[in-house]
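Notes to accompany the following structure.
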Amino acid sequence: MSDLMPRPPFDPELSTFLTALEARGPFTLTTEMLPHMRGLDTTEEALDERLRLRGYERRTITVPGHLGDPITLAVIQRIGRAGATSAVYSIHGGGMMFGHYLGNLDSYDDWLLNDHDVVLISVDYRLAPEYPDPYPVEDCYAGLVWVHAHAEQLDIDPTRIVIAGQSAGAGLAAGTALLARDRSGPSILAQILVSPMLDDRDSTASTRQIDGVGVADRQMTRFGWDAYLGSRRAGEDVSVYAAPARATDLSGLPRTYIDCGSAEVFRDETVAYASGLWAAGGDAELHVWPGAFHGFTSMMPTARISVTATAALADWIRRLLGAGALGSG
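If you want it as structure tokens, here you go:
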């Protein structure tokens, strides 16, 4: 017997995107699709040219990841900038299985790179199922440790590092913050968790409401957790760093921006995580965007609700670090 539940309505403007997806027919994520989904939708040369035209440059650095294996960091900053400034350490999404560390860089341009003189650092963590837990989160943590230790080399202020992620990247950001707390690791000024993938247990109302909608849903989420955790998914042997929703102690974590859509699969775990932060005496700003599906700001960035959500995050950044530029002291 199906355990599906009625879902909240989609925002009318956003629903046009889902209607177009529906016209293409049912979508089921398979392992065979992953190599294609791990590529960039452009060339690195084209990306660098777009950044250059906006006044930015990119360089890559190879650093030790989990167990000392090499991973890559992309460092993006304004051409010619100098002096210690704030940094955003970005972790890309993709269900723990796909996505690209350069694929999300343009999304920061309007609300961050264009408005504030920060250094943006994106980590190329290794992906499941070839590299299951703990590789992805440990790679992210190892990259953060390196960034903090080499802050002077990177021209960043080690006390002003913001960690940010979307979807699976937000779940990894949350896990990285927990590792930093528990290992007395690098200080993190704040964390940005956009529609975070936090809970492997498939037990919330929102997981039973959102399935077969054409964007991230119950089937895709289960597929991702299976790739990441294998047979341990929903069992007892899963760490809080892999699935931060399992954490019972959310004290000592950085200031947090966290959001989701009311009609997305991660809604309930997002709200519960914010509540856990508050219960532990933490500082969290939660937004639940009415009628929004997972990834709506990326898929329909000009929709009214997307513009509102993007502006809310930009405003939080300004309030976090003052009315001036992020790089100001």
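For the sequence shown, my numbering begins at -11 and goes up steadily by one. Just so it is clear, CB atoms sit at the ideal spot from N, CA and C, and this is done for glycine as well. The structure presented is a predicted model; accordingly, all values stated were derived computationally and were not measured.
Rounded to the nearest angstrom, what separates residue i and residue j at their Cα positions?
i     : j     : result
A34   : V107  : 20 Å
V51   : T290  : 37 Å
S294  : G283  : 10 Å
A130  : T258  : 25 Å
G312  : R148  : A caution first: G312 carries a pLDDT of 42, below 50, which makes its placement in the model too unreliable to give a value.
D256  : S194  : 6 Å
A267  : Y261  : 10 Å
V135  : T7    : 43 Å
P(-4) : T209  : 19 Å
I198  : G68   : 47 Å
L314  : E118  : At L314 the pLDDT is 43, less than 50, meaning the model places this residue with poor confidence; the figure from the coordinates comes in the next sentence. Their Cα atoms are separated by approximately 38 Å.
R169  : L241  : 7 Å
A165  : L301  : 19 Å
S316  : G310  : Low confidence applies here, because S316 scores a pLDDT of 40, under 50, leaving its location unreliable; read the following figure in that light. Answer to the nearest angstrom: the Cα atoms are 8 Å apart.
S40   : D103  : Note on residue identity: the sequence assigns Arg, not Ser, to residue 40. So the two alpha carbons sit approximately 16 Å from each other.
E45   : E37   : 9 Å
D105  : H80   : 21 Å
S175  : V253  : 31 Å
H54   : T4    : 42 Å
T244  : A178  : 6 Å
R196  : R206  : 7 Å
R306  : E20   : 42 Å
G153  : P232  : 14 Å
W213  : T18   : 13 Å
A11   : S250  : 24 Å
R292  : A280  : 11 Å
D225  : G71   : 45 Å
L2    : S286  : 11 Å
C128  : L9    : 33 Å
L308  : G202  : 35 Å
A62   : R171  : 25 Å
H275  : P(-6) : 22 Å
D145  : G56   : 25 Å
D143  : I49   : 14 Å
G218  : E273  : 33 Å
Of all the options the options, which has the alpha carbon lying nearest to the alpha carbon of residue i?
i    : options                : result
D29  : Y77, L(-8), P(-3), N92 : N92
R26  : G82, A62, P(-3), D(-1) : G82
L100 : F86, V76, Y89, L115    : V76
P23  : E140, Y216, V182, F86  : F86
L167 : R206, G200, D205, E126 : E126
S74  : T285, R66, V150        : V150
S183 : D237, R220, A297       : A297
I59  : Y113, L274, H275, P146 : Y113
R66  : R47, F15, G56          : R47
L343 : H275, D237, T285, S286 : Because residue 343 is not part of the residues shown, which for the chain are -11 to 317, the question remains open.
Y216 : F(-2), A62, D121, G56  : D121
A161 : A139, E140, S263, Y229 : Y229
Identify every residue that forms a DSSP beta bridge with residue i.
i     : result
S78   : S110, A152
W275  : In the sequence under discussion, the amino acid at residue 275 is His, which differs from the Trp named in the question. Answer by DSSP bridge pairing, in chain order: D247.
R47   : V63
I144  : T73
P(-3) : Paired residue(s): none; P(-3) is not in a bridge.
P52   : P58
Could you check how far apart the C-beta atoms of residue i and residue j are, in whole angstroms? I think they sit under 8 Å.
i    : j    : result
S78  : I109 : 7 Å
P124 : M84  : 6 Å
D190 : A235 : Actually they do not touch by this definition, with Cβ atoms about 18 Å apart.
L90  : E32  : 7 Å
G173 : V133 : 6 Å
G270 : S227 : Contact flag wrong, Cβ pair sits at about 20 Å.
L181 : A204 : 15 Å between Cβ atoms; not a contact.
D247 : W277 : 7 Å
Complete runs of the beta strand (DSSP E) confined to the stretch 85 to 135 [at least 3 residues]: Counting only runs of 3 or more, we get 107 to 112.
Alpha helix (DSSP H) runs wholly inside the stretch 222 to 269, at least 4 long, in chain order: If we require 4 residues or more, the alpha helix (DSSP H) runs fully inside the stretch 222 to 269 come out as 255 to 267.
Length at least 4, wholly inside the stretch 146 to 201: the alpha helix (DSSP H) runs in chain order: Taking only runs of at least 4 residues, the alpha helix (DSSP H) segments lying wholly in the stretch 146 to 201 are 156 to 170, 193 to 197.
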